Amino acid sequence: MEPINKIDHLYAPPQDFVDQAYIKSRAEYEKMWKQSIDDPEAFWGEMAKNLHWFKPWLKVYRGDFGIGDNEWYVGGKTNIAYNCLDAQIAQGKGDKTAILFQGEPDEDCRSISYREMLTAVCRFANVLKKYGVQKGDRVILYMPMIWQLPVAMLACARIGAVHTVVFGGFSAEALRDRIIGSGAKLVVTANGYWRSGKQVNSKNIADTACILCQEQGLTVDHMIVVNHLKDFDTPWTLGRDLSFEKEMAETDISDVCPAVPMDAEDPLFIMFTSGSTGKPKGTLHITGGYMVYAYTTFKYIFDYKDNDIFFCTADIGWITGHTYTVYGALLNGATSVIYESVPTYPEPDRFWQIVDKHKVTIFYTAPTAIRSLMKKGSEWVEKHDLSTLRLLGSVGEPINPEAWLWYHQYVGHGRCPIVDTWWQTEGGGILITALPGAWGLKPGSATLPFFGVKPVILKPRPSENADPIEAGIDEEGELCLASPWPGIMRGIYGEPERFFMNYYTQQPGFYFTGDGAKKDADGYFWILGRIDDVVNISGHRIGTAEVESALCSHPAVIEAAVVGYPHPIKGEDLYAYVILSKEIEGNETLRQELVAHTRKEIGPIASPGKIQFIHEMPKNRSGKIVRRVLRKIAAGDAAGIGDAMINTLAEPHLVEEINQGRIV
Ligand code: WTA
6 MEPINKIDHL YAPPQDFVDQ AYIKSRAEYE KMWKQSIDDP EAFWGEMAKN LHWFKPWLKV
66 YRGDFGIGDN EWYVGGKTNI AYNCLDAQIA QGKGDKTAIL FQGEPDEDCR SISYREMLTA
126 VCRFANVLKK YGVQKGDRVI LYMPMIWQLP VAMLACARIG AVHTVVFGGF SAEALRDRII
186 GSGAKLVVTA NGYWRSGKQV NSKNIADTAC ILCQEQGLTV DHMIVVNHLK DFDTPWTLGR
246 DLSFEKEMAE TDISDVCPAV PMDAEDPLFI MFTSGSTGKP KGTLHITGGY MVYAYTTFKY
306 IFDYKDNDIF FCTADIGWIT GHTYTVYGAL LNGATSVIYE SVPTYPEPDR FWQIVDKHKV
366 TIFYTAPTAI RSLMKKGSEW VEKHDLSTLR LLGSVGEPIN PEAWLWYHQY VGHGRCPIVD
426 TWWQTEGGGI LITALPGAWG LKPGSATLPF FGVKPVILKP RPSENADPIE AGIDEEGELC
486 LASPWPGIMR GIYGEPERFF MNYYTQQPGF YFTGDGAKKD ADGYFWILGR IDDVVNISGH
546 RIGTAEVESA LCSHPAVIEA AVVGYPHPIK GEDLYAYVIL SKEIEGNETL RQELVAHTRK
606 EIGPIASPGK IQFIHEMPKN RSGKIVRRVL RKIAAGDAAG IGDAMINTLA EPHLVEEINQ
666 GRIV
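Residues in the sequence shown are numbered from 6 upward in steps of one, following my numbering.
What follows is the structure, given as structure tokens:
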């Protein structure tokens, strides 16, 4: 039979999938969802009983959701590392593979059992303690995708230290900001890692970041370095730098380290993410609620069963890697694949080769990866046996129906449901998604809210005092959330006012997501992308304000405005409009210099794809840059700039002038 391959088809889950699924119908889901909204304490109290607590909670929830005040499992004591390891071993999973590490060189492959993981975590926790790390201290993990990264995360969690994982693609300057922002005294890194056949020296970047920190008065006391690349020349600062392998092997380091009973609301990690204003913010996640939410979403959304092999391709430097590669997977006693490098090395079939080799059953990736692999041709997928796959997932940005169909047909062979999971760093875990056995899928829709989540689509507020108005069916609006769930962030580290201002003032009484969305007649949600000044490049969240400030720190630049524009593979890319100092001429050399400058200030992910030199910004009469005009021009849709928009400009002729110089 020809596979169905149509955008407007409802893709029902195959019967054999439904038969084995936890939730088998929309009616069954509706009943549970309603209970989770009507009586969240009963619902989340029950879910939390699946985990180990040193001391039970006194109250499941206390708070005022609409102003960002949330406390879950009040008075309860637990430890997430204990739940990820000791509790699994107690259930007989000691010999099961916890982490399956696949290096870029194919032969560099290692399985680490739950028992081995526990020993490594305890030993590393003892190393951290030896160097003075205590409960509440922050530790920076600037590490590539290697098995020692989850070891370091769980070691922190075991002793109550707060980890901040920094994505390996960030520059020394960006790393400095995160070290200073979290006030960490200890950094864990690797001497380097493999990327497309080349060895990348990450230790150098960490060294530079430490020097930059010193300039601002913060001293990193210790840097623990994993010797991941063999025979690789690694610079060494005596007294500060410590070898991971050597420290782990010391005879005074014990295999045993008791897990500290943590208050449910004690911090677990800080994850920096971009917002629409200022520097990246340190999203603060805590122990108990995050743990219950990671566990529950992983179980139901990936419909996890004991013999599954889970492969999430997201870097652990982002929230998806935290919640699903590490915590969600291990809390469920799963085997989680960690892959060091890119999908296209040595050839564009690396993901499929890994699925085949490790018999992956659940595969979770980003639309940008699907689009880039789709472009290489389906023959790369067809070379491999993907018959073990039973479920696919998508995350990070809206998935366009073409990519969805290709993923469904060539990777899933029409037999695997696709969970299109919408969420964000702030949420801790997936918020809108299909439950794969429970209802049919529409390509491009994330479908329905997870338990405890109540999304509402509100019309933009016409004035300060206006009441919230819900958008109608198929009407676009601002996606807000109206009910408490345990995984929500508890604040922005060190900036309490910014937390309230960022999320609770746009639509008072609601959590504002920053995304546009609509809901169709079946109740399915369609996420339409960011409506604030955040751009989603290949699933990486970048605030345009950050890139503007990086550009403005270059001596030739007077003013910069950065917007997103649609990109066929990356989803979106950055378009920068730059005004130069009078005496400076905008040429190709300078353009390249500005790209290099943003790479240095932030990292390669933030370098603008296009830079246009202009003489004046289109501003309104009160002097504010009208970004909507710039967005339209960048997207090649100057014709779509209506008279109403032009009339708001102080100098309407600029539209034509800027459009003529548009970089195609
Ligand atoms: C976008 C990543 C559409 C969205 C987990 C959100 C999505 C931002 C989806 C958060 C999806 C994520 N469909 N858009 N399935 N998943 N997004 O914090 O704009 O890195 O606000 O979290 O990514 O990005 P973040």
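Just so you know, even glycine gets a beta-carbon here, dropped at the ideal spot from N, CA and C. All values derive from a computational prediction rather than experimental measurement.
Which word fits residue i, buried or exposed, when buried means at least 16 other C-beta atoms lie within 10 angstroms of its C-beta?
{"i": "residue 626", "result": "exposed"}
{"i": "residue 4", "result": "In the structure displayed, the chain extends from 6 to 669; residue 4 sits before or after that span and is not available."}
{"i": "residue 644", "result": "exposed"}
{"i": "residue 497", "result": "buried"}
{"i": "residue 136", "result": "exposed"}
{"i": "residue 11", "result": "exposed"}
{"i": "residue 218", "result": "buried"}
{"i": "residue 6", "result": "Residue confidence for residue 6 is low, a pLDDT of 44 falling below 50, so the modelled location carries little weight and cannot support an answer."}
{"i": "residue 348", "result": "buried"}
{"i": "residue 620", "result": "exposed"}
{"i": "residue 20", "result": "exposed"}
{"i": "residue 385", "result": "buried"}
{"i": "residue 16", "result": "buried"}
{"i": "residue 114", "result": "exposed"}
{"i": "residue 351", "result": "exposed"}
{"i": "residue 594", "result": "exposed"}
{"i": "residue 592", "result": "exposed"}
{"i": "residue 656", "result": "exposed"}
{"i": "residue 522", "result": "buried"}
{"i": "residue 380", "result": "exposed"}
{"i": "residue 524", "result": "buried"}
{"i": "residue 5", "result": "The structure shown has nothing for residue 5, since the chain only spans 6 to 669."}
{"i": "residue 25", "result": "exposed"}
{"i": "residue 602", "result": "buried"}
{"i": "residue 3", "result": "There is no way to answer for residue 3, as the model of the chain reaches only from 6 to 669."}
{"i": "residue 429", "result": "buried"}
State the beta-bridge partners of residue i as determined by DSSP.
{"i": "residue 633", "result": "Paired residues: none, contrary to the question."}
{"i": "residue 191", "result": "144, 227"}
{"i": "residue 118", "result": "102"}
{"i": "residue 578", "result": "570"}
{"i": "residue 399", "result": "370, 425"}
{"i": "residue 565", "result": "583"}
{"i": "residue 545", "result": "542"}
Since I believe residue j is in contact with residue i (beta carbons under 8 angstroms), could you give me their beta-carbon distance rounded to a whole number of angstroms?
{"i": "residue 373", "j": "residue 345", "result": "Between residue 345 and residue 373 the Cβ distance is about 19 angstroms, and since that is not below 8 angstroms, they are no contact."}
{"i": "residue 315", "j": "residue 258", "result": "Not a contact, Cβ separation roughly 31 angstroms."}
{"i": "residue 570", "j": "residue 640", "result": "5 angstroms"}
{"i": "residue 338", "j": "residue 369", "result": "Rounded, the Cβ-Cβ distance is 18 angstroms, inconsistent with contact."}
{"i": "residue 296", "j": "residue 336", "result": "7 angstroms"}
{"i": "residue 158", "j": "residue 424", "result": "At roughly 24 angstroms, the Cβ-Cβ gap does not stay under 8 angstroms, so residue 158 and residue 424 are not in contact."}
{"i": "residue 512", "j": "residue 460", "result": "Actually they are not in contact, since the Cβ atoms of residue 512 and residue 460 sit about 12 angstroms apart, beyond 8 angstroms."}
{"i": "residue 365", "j": "residue 328", "result": "Contact flag wrong, Cβ pair sits at about 19 angstroms."}
Less than 8 angstroms between the beta carbons of residue i and residue j, yes or no?
{"i": "residue 165", "j": "residue 141", "result": "yes"}
{"i": "residue 671", "j": "residue 613", "result": "In this structure the chain extends from 6 to 669, so residue 671 is not present and cannot be described."}
{"i": "residue 66", "j": "residue 77", "result": "yes"}
{"i": "residue 79", "j": "residue 269", "result": "yes"}
{"i": "residue 630", "j": "residue 566", "result": "yes"}
{"i": "residue 410", "j": "residue 448", "result": "yes"}
{"i": "residue 491", "j": "residue 49", "result": "yes"}
{"i": "residue 568", "j": "residue 635", "result": "yes"}
{"i": "residue 415", "j": "residue 377", "result": "no"}
{"i": "residue 444", "j": "residue 452", "result": "yes"}
{"i": "residue 237", "j": "residue 197", "result": "yes"}
{"i": "residue 103", "j": "residue 122", "result": "yes"}
{"i": "residue 514", "j": "residue 71", "result": "yes"}
{"i": "residue 486", "j": "residue 518", "result": "yes"}
{"i": "residue 300", "j": "residue 56", "result": "yes"}
{"i": "residue 483", "j": "residue 462", "result": "yes"}
{"i": "residue 222", "j": "residue 499", "result": "no"}
{"i": "residue 167", "j": "residue 129", "result": "no"}
{"i": "residue 230", "j": "residue 278", "result": "no"}
{"i": "residue 211", "j": "residue 147", "result": "yes"}
When every heavy atom of ligand 3 is checked, does at least one fall within less than 7 angstroms of the C-beta of residue i?
{"i": "residue 611", "result": "Among the ligands in the structure shown, ligand 3 does not appear; only ligand 1 can be found there."}
Counting contacts by CB-CB distance shorter than 8 angstroms, is residue i in contact with chain D?
{"i": "residue 269", "result": "No chain D is part of this structure, which consists of one protein chain only."}
If you scan the stretch 214-276 from start to end, which runs of the alpha helix (DSSP H) of 4 or more residues do you find wholly inside it?
-> 249-254
Complete beta strand (DSSP E) runs within the stretch 19-86 (minimum length 3 residues, chain order) | 64-69, 74-79
What alpha helix (DSSP H) runs, 4 residues minimum, are completely inside the stretch 286-312?
-> Complete alpha helix (DSSP H) runs here, min 4: 293-306.
Could you tell me which uninterrupted beta strand (DSSP E) segments, each at least 3 residues in length, are contained entirely in the stretch 447-519, listed from first to last along the chain?
-> 460-463, 482-486
Taking only runs of the beta strand (DSSP E) that begin and end inside the stretch 332-376, which ones reach a length of at least 3 residues, in chain order?
-> Correct list: 340-344, 367-370.
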